[in-house]
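Shown next, in structure tokens, is the structure this report addresses.
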Amino acid sequence: MEQTNRGRLADATWDAITEMDEQNRPIHTFQVCHVMEPNQNNWLRSGWIQRQAAQRVYVELRFTLRDCNSIPWVSGTCKETFNLFYLQTEEPLSAVAFQSRIMKVDTIAADESFTQTDLGDRVLRLNTEVREVGPVTRRGFYLAFQDVGACIALVSVKVFYKRCPSTVRNLAVFPDTVPHTDSSSLVEVRGACVENAEERDTPKLYCGADGDWLVPLGRCVCSIGHAEMDGDCRACKPGSFKAYSGNTECSKCPSHSSSHDQAATICHCDKGFYRAIKDSSTVACTRPPSAPRNLVSLINDTALFLQWTPPIDTGGREDITYNVLCQRCDGRDGDSGVTQCEPCEPDLRFIPRPLSLTATSVAILDFATHVNYTFHVEAANGVSGLGVSPRSLANVTVNTNQAGPALVGVVRKDWASQNSIALSWPEAEKLPSEIVDYEVKYFEKEQEQLSYSSTRTKNPSVVVTGLRPSTVYVFHVRVRTAAGYTAYSPNYEFATAAEGNEHEGRRLCLCSHWLCSRKEKALIFCVEIKKLVLCQGYIKARMKSEEKRRTRFRAGHGLYFMFFTYVDPDTYEDPTQAVEEFAKEIDPSYICIERVIGAGEFGEVCSGRLHIPGRMDIAVAIKTLKGGYVEQQRRDFLREASIMGQFDNPNIIRLEGVVTRSRPVMIVVEYMENGALDSFLRARDGQFTVLQLVGMMRGIAVGMTYLSDMGYIHRDLAARNILVDENLVCKVSDFGMSRVLEDDTEAAYTATGGKIPIRWTAPEAIAYGKFSSVSDVWSYGIVMWEVMSYGERPYWEMSNQDVILSIDEGYRLPAPMGCPVTLHQLMLHCWQKESNQRPRFNTVLSFLDKLIINPKVTIDTCRHPPDDMPDYPLFISIGDWLDSIKMSQYKNNFLAAGYTTLDSISTMSLDDIRRIGICLIGHQRRILSSIQSLRLQLHHIQQSGFQV
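Each residue of the sequence shown is one higher than the one before, counting from 1 in full-length UniProt numbering.
Set out below in structure tokens:
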């Protein structure tokens, strides 16, 4: 400090004095006490102080001041205050220049003053005052102190400015930061991730005016191979790894793998162990399996069977399959004496196939006799191709001397027409076991067996239909016995008749309601070659049956037309009659089961082929009834077939028929290549346009309109019960929970028990068991939501009880991401609490047709909902949101924790909810479920171009 005296105004000055304190330490002060003289004007000026990074400067003054009342005879001249001034400059100034531009900061007064007595007792009453100076914008500044007649000692002057010190938050480094000159504004500072960390969300802190860091946002996470420890990202130690970035710990290497370096991102497999291409780097390493055990062969007249047991060592994997390789070894080389082997003949057939077997057995047909075959059975898994593993093979040699073909007699042609050929042959004799049936294989001669067809018959004769006129066909026949198939007979060539030369002398009369057009459901008739006649007897029987089924007739144009309504199979005294009436019996020999695709309530579900003579092979799904069933299970199993058999609509799964007269009992339906709609959509998230999704929903609406018009209630309409074919046609299936409506289409079925799919079921059906066509409409709205969300689970992780409570309180599912507003409004219309306010299926179908015809409506309404649709409630505050879910008691918890906007709560997790003091598990779940739905709602609004 340097002192300055404006001599022309006053001669007094500040004095620099050094004293000793109680600990005998020197104290340097500036003092002035010219209280006896009037008009004092004494100045003390600091040196030039560089501003550095400061924008606002704070001055802390420590001083003592004597009470004027303790000084006699100075009542008119003594003061108890002094003044603080400052001056900004770019460089040091002379004293004259300083005095001309100085600016006052404040008048400083003492909170406590001392007296003469205090001086005798050496009790100094120190005052501390802080004043803010600025804003300071130039390179430096001066401070000045003016005394106008006080008795004062200036003990210390501290000049400082505030800043937010460098810090590390959420693995991000934030530098020293000086606050803004505006004390009400915050300085946003972006952090830099610490070493070996990467940004997950941009890390930010805000520097406040008092030098405190506020409002941390964003974060960094440790990179792969590094984990968080004491605020840093440290490398994983050898023997551990971290494959993904994030604030997780390093993991110990999985079995049969290791890492030798620090910061490992993967553990490499030990020698002899591997990972499959589709395996995650975090799973254990595995190896090929050992060889199958106990490989044995069995042979009869027509078939050779190989059986084995799984390997002892599966290599640590469960995806075990088996490959059967074949060699034919006919003799030894005369020179070397080594058995000569070659690949087996291509005609050898493996049932079900030679490669990628999941079962531990295989049947081999059409082999040659008196031949030595060597079969190699290889066990394989997902890593078998990645390393040499001779230990995976088991071998067996089979001699076919004991197998001999048993052929049928000469095949002859009995007659031929343009499209049919009748064949017969002598019944086979001297077979080792009873004949089951005959198989006739045939193909066009010109095709050279590039493709062939086959048919079966229990008698030694057959009429092969569906042939082309004037065409030569090649036929050969074999026998199926309980022991297997015999070899085929020699080839026989027969030709069909030329066009216009139809075979005479044989008439065929077929009388069956299966010849009726099921779409028109009219005119029962018989077909006789060259002649149509009415089958009166059949019509009478049918009419009698329809009388029982409440069939309605209407006369028109001299013919009877039948209008069918759905008939509940439970109304039959004997449910078997319903199966016989509505489902076609299929010969089990027409069904070829290829593989198991799932498991149902009653048994396995398989896929395969259905070959009915005269028809092309079609792909089918086969539901089987597992063994050991009781009669009631058999009835329940076939009940679905008697329901499906009554429906004929392109969007209802088609029943092909049933097998009830042999085991296993089977229901055969059309095969849907793409499986259930929910899993189909989940596997193809985001791959379809809105119009394609609307097309899927329309198909479901077509099927449900048809069922509703027939007076039928589904009760379990959900995406999991909708099947999708290869052309993306959606078909309603699974009629196990369905029930019937009576003649009154508004009637409802009252459930007497059983499980109810809560998330898909209307409130009145849950509360009172009251099912109706409009309760199916509610379920259809949920299916729409599933389609637009690509198979997401309705109501996410909410419990069933929370779903029921939330719906009762008015909560409805928000629009999925990218869902047009019109479609969501249609969903909300389907979810009206009052069932009579919901649309009917024909109304829904009409609405979807309009969207498809005019796609622009679908796009435009993404932002502008129609005026005639109700608005969905949007919460505008934390309080409104908590009130809506009956959790208003927690308002203070959220506000105290700093959650004041919808955006701020949308990222909360279960741990966050616990952290703010919500302890009841039920309340935690309800709040978390509501946050999840609110998150989707906010996202949808932002996608639509609106701001919350």
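In this text, a Cβ means the ideal position worked out from N, Cα and C, and glycines have one as well.
Any non-hydrogen atom of the ligand ATP closer than 7 Å to residue i Cβ
i, result
"residue 308", "Absent from the structure shown: the ligand ATP. Ligands present: none."
Distance between residue j and residue i (C-alpha atoms, nearest Å)
i, j, result
"residue 163", "residue 144", "25 Å"
"residue 150", "residue 894", "56 Å"
"residue 950", "residue 881", "Outside the displayed span of the chain (1 to 948) sits residue 950, for which this structure offers no information."
"residue 399", "residue 293", "21 Å"
"residue 148", "residue 37", "10 Å"
"residue 666", "residue 735", "16 Å"
"residue 225", "residue 239", "12 Å"
"residue 198", "residue 220", "5 Å"
"residue 427", "residue 613", "21 Å"
"residue 93", "residue 246", "58 Å"
"residue 136", "residue 820", "57 Å"
"residue 696", "residue 584", "30 Å"
"residue 187", "residue 212", "11 Å"
"residue 624", "residue 643", "17 Å"
"residue 243", "residue 682", "26 Å"
"residue 205", "residue 174", "8 Å"
"residue 900", "residue 608", "60 Å"
"residue 40", "residue 28", "23 Å"
"residue 720", "residue 787", "11 Å"
"residue 285", "residue 493", "59 Å"
"residue 765", "residue 826", "21 Å"
"residue 315", "residue 287", "5 Å"
"residue 590", "residue 565", "31 Å"
"residue 254", "residue 266", "10 Å"
"residue 19", "residue 26", "5 Å"
Residue(s) in a DSSP beta bridge with residue i
i, result
"residue 131", "59"
"residue 31", "15 and 153"
"residue 457", "438"
"residue 623", "605 and 667"
"residue 475", "442 and 492"
"residue 243", "Beta-bridge pairing links residue 243 to no other residue."
"residue 498", "DSSP lists no partner for residue 498."
"residue 598", "605"
"residue 831", "Answer is none; residue 831 lacks a bridge partner."
"residue 229", "232"
"residue 173", "168 and 192"
Beta-carbon contacts of residue i that lie in its chain and below 8 Å, excluding the five residues immediately before and after
i, result
"residue 130", "58, 59, 60 and 61"
"residue 706", "647, 649, 651 and 652"
"residue 906", "931, 934, 935 and 938"
"residue 698", "845, 848, 849 and 852"
Sequence-distant residues of its chain with Cβ nearer than 6 Å to residue i (five each side left out)
i, result
"residue 674", "680 and 724"
"residue 31", "15, 17 and 153"
"residue 930", "885"
"residue 360", "308"
"residue 779", "717 and 760"
"residue 954", "The structure shown has nothing for residue 954, since the chain only spans 1 to 948."
"residue 250", "227, 236, 240 and 242"
"residue 44", "3, 14, 30 and 145"
Supposed close pair residue i, residue j - CB separation, criterion 8 Å
i, j, result
"residue 961", "residue 425", "This structure cannot settle anything about residue 961, because the visible part of the chain is limited to 1 through 948."
"residue 64", "residue 24", "At roughly 19 Å, the Cβ-Cβ gap does not stay under 8 Å, so residue 64 and residue 24 are not in contact."
"residue 376", "residue 325", "4 Å"
"residue 394", "residue 291", "4 Å"
"residue 713", "residue 772", "6 Å"
"residue 423", "residue 440", "7 Å"
Own chain partners of residue i with C-beta closer than 7 Å, once the 5 adjacent residues on each side are dropped
i, result
"residue 458", "437"
"residue 112", "125 and 127"
"residue 928", "910 and 913"
"residue 824", "815"
"residue 269", "256, 257, 275 and 285"
"residue 641", "579, 583, 655, 658 and 667"
"residue 460", "424, 425, 426, 427 and 438"
Please specify which runs of the beta strand (DSSP E), each continuous and at least 3 residues long, are wholly inside the UniProt domain "Fibronectin type-III" (288–403), giving them in chain order.
Within the UniProt domain "Fibronectin type-III" (288–403), the complete beta strand (DSSP E) runs of at least 3 residues are 293–299, 303–309, 321–332, 339–343, 349–351, 361–365, 372–380 and 393–399.
If we require 4 or more residues per run, which alpha helix (DSSP H) segments fall completely within the region 72–110?
95–100, all fully within the region 72–110.
Complete runs of the beta strand (DSSP E) confined to the region 626–706 [at least 3 residues]
Listed in chain order, the complete beta strand (DSSP E) runs (minimum 3 residues) inside the region 626–706 are 655–659 and 666–670.
Taking the runs of the alpha helix (DSSP H) that are 4 residues or longer, which of them lie wholly in the region 907–940?
For the alpha helix (DSSP H) assignment, the uninterrupted runs of no fewer than 4 residues enclosed by the region 907–940 are, from N- to C-terminal side, 910–915.
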